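Note that the protein sequences, when read in sequence, are chains A and B.
Each residue of the first sequence is one higher than the one before, counting from 2 in our numbering.
Each residue of the second sequence is one higher than the one before, counting from 10 in our numbering.
Notes to accompany the following structure.
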Amino acid sequence: MMPTLSSHMRAAGVALVGLMCGAPLVVTAPHAQAPSQAIALAIPDAKARQAVEREIARAVSRGLPSAPLVAKAMEGITKQAAPDRIRSAVAAQAQRLEQARGLLGPTPSEAELVSGAEALAAGIPTAMLKQVRAAWPAQSVVMPLDVLTELVARGVPPKQALERVVTLMRRGATPVQIAGLGAAVQADVAAGLAPDAALEVRARGVMSLLPSPAAAAALAPSGRRP
Amino acid sequence: MIDERDAVIETVRGRLRASVADQADPRAVARILSAAFAAPAPSRWRRWLDAWHLPVMSRVGAAVVAVIALAAGFVARGVLPNRAPVDPMAVTGEFPIPVTPASDPRAGAVATQFVFEAPAAQAVALVGDFNRWVPTAAPLVRLPSGVWTVTVPLMPGRHVYAFLVDGARLEADPRAATVVDADYGRPSSVVMVPGR
């Protein structure tokens, strides 16, 4: 049977729509795949490369984001680590991300997962992540977690760091004020001040800018996380 | 272009003439007329397509066009420069920093300058968690004094980074706090970006 004109037109239409959708994807693909390609280029040994890629794929199949894992692999490549060490680091990062997801639930953002994983890598106990989330259930806890990690990395005892950060959160401090605390303590410690003393001084400074506890409770944030 | 329906009508007319002349069979006439009128009327979509006078193409032709265009896409992929990102990791070496549009997820980013002294170095790159440790993302610019610098927009928070010297040697920032990386055991630097 001869194809009718409308079937020709339909075929042409389908082909054109396919082209319009497909061609741009083909052209833009290199940027999207850049880190993966970098992994492929940097680990020439196929077995080692596949082991790293398998770790990432396994984590993604568990619902974890791939970007932090690719970044961890790239970090190892840039630091000229052995392929097996890169694979171990990616696996460890995946484990921390999964742990953070459980602690910061129910629906933590990718940025929160990354900050949670960094906090765990810095040696902050798991219970502390839960306390941070409990203080701000509806707001992003990226900044409090980052500052907590930095305070501990500068030598502040984890318990003291958590107390100060959570107090600021409950008193209505903004993420910018909390970040300012972390930056100030970092500078003070670099200048020679004892870490715990630096935290006490700087926390007091931020606290003086905040409303009283009663007012802070009334103004407690109720919005959604960004 | 002759409309398909016109062509059908012409065929029917021709057959009708032949039928009437040769046999004058009323049943044959009725059959032909029924067949002609049973043909579906063109849809609105079809009429719209006809109005554009698009070239007629067979399925094979359409597939060939699709294959050629996809091949062109693959060629372009290899030939065209990577359009992404110079801008996000803007290599200015100086203030001011590029302005990110409000729709950009990095709209809250803060211009952060990095400085590294290495008069003998041939190339210095900034690598860190903010650029996924990709060495080509943020090369530093060498000033006449031998100081290298770059300014990049960073999201508020804590960032770990290092300088890659001459594509091989990784060095921590002597101006910043350091942290020993648990996974790879190499010292890196930390910057706290306070936000706006």
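In this text, a Cβ means the ideal position worked out from N, Cα and C, and glycines have one as well.
All of these numbers come straight from a predicted model, not from anything done at the bench.
{"Item": "Identity of the residue in A/150, A/179, A/185 and A/159 nearest residue 189 of chain B by Cα", "Value": "A/150"}
{"Item": "Secondary structure of residue 241 of chain A, DSSP reduced to three states", "Value": "Residue 241 of chain A is absent from the model: chain A starts at 2 and stops at 227."}
{"Item": "Terminal residues of the alpha helix (DSSP H) in which residue 208 of chain A lies", "Value": "196 to 208"}
{"Item": "Minimum Cβ-Cβ distance from residue 170 of chain B to chain A less than 7 angstroms", "Value": "no"}
{"Item": "Residues of the region 145 to 175 of chain B whose Cβ lies closer than 7 angstroms to any Cβ of chain A, in chain order", "Value": "165, 166, 167 and 173"}
{"Item": "Residues of its chain near residue 185 of chain B, where Cβ-Cβ distance is below 7 angstroms and the 5 sequence neighbours each way are ignored", "Value": "198, 199 and 200"}
{"Item": "Residues sharing a beta bridge with residue 198 of chain B, DSSP", "Value": "B/170 and B/187"}
{"Item": "Euclidean distance between Cα positions of residue 157 of chain A and residue 83 of chain A", "Value": "33 angstroms"}
{"Item": "Cutoff 7 angstroms: residue 75 of chain A Cβ touching any chain B Cβ", "Value": "yes"}
{"Item": "C-beta contact flag for residue 52 of chain A and residue 78 of chain A at 7 angstroms", "Value": "no"}
{"Item": "Own chain partners of residue 165 of chain B with C-beta closer than 7 angstroms, once the 5 adjacent residues on each side are dropped", "Value": "117, 119, 202, 203 and 204"}
{"Item": "Residue 73 of chain A versus A/144, A/63, A/104 and A/56, residue with shortest Cα-Cα distance", "Value": "A/56"}
{"Item": "Nearest candidate by alpha-carbon position, reference residue 170 of chain B, set B/57, B/145 and B/140", "Value": "B/140"}
{"Item": "Interfacial residues, the region 129 to 145 of chain A to chain B, with Cβ spacing under 8 angstroms", "Value": "143 and 144"}
{"Item": "Chain B residues whose Cβ lies nearer than 8 angstroms to that of residue 150 of chain A", "Value": "167"}
{"Item": "Between the CA atoms of residue 203 of chain A and residue 75 of chain A - distance to the nearest angstrom", "Value": "36 angstroms"}
{"Item": "Partner residues on chain A for residue 203 of chain B, Cβ-Cβ distance less than 7 angstroms", "Value": "177, 180, 181 and 184"}
{"Item": "Neighbour flag for residue 179 of chain B against chain A, beta carbons, 7 angstroms", "Value": "yes"}
{"Item": "Residue range of the beta strand (DSSP E) that includes residue 158 of chain B", "Value": "156 to 163"}
{"Item": "C-alpha distance - residue 170 of chain A paired with residue 136 of chain A, whole-angstrom precision", "Value": "7 angstroms"}
{"Item": "Cross-chain neighbours of residue 147 of chain A in chain B, by beta carbon under 8 angstroms", "Value": "166, 167 and 201"}
{"Item": "Where residue 203 of chain B falls: helix, strand or coil (DSSP)", "Value": "coil"}
{"Item": "Proximity to residue 200 of chain A [Cα-Cα], best of A/186, A/191, A/192 and A/213", "Value": "A/186"}
{"Item": "Residue nearest to residue 96 of chain A in terms of C-alpha spacing, selected from A/107, A/80 and A/127", "Value": "A/127"}
{"Item": "Contact check, residue 142 of chain A vs residue 134 of chain A, beta carbons under 7 angstroms", "Value": "yes"}
{"Item": "Those residues which DSSP pairs with residue 136 of chain B across a bridge", "Value": "B/171"}
{"Item": "Contacts of residue 191 of chain A in chain B (Cβ-Cβ under 7 angstroms)", "Value": "186"}
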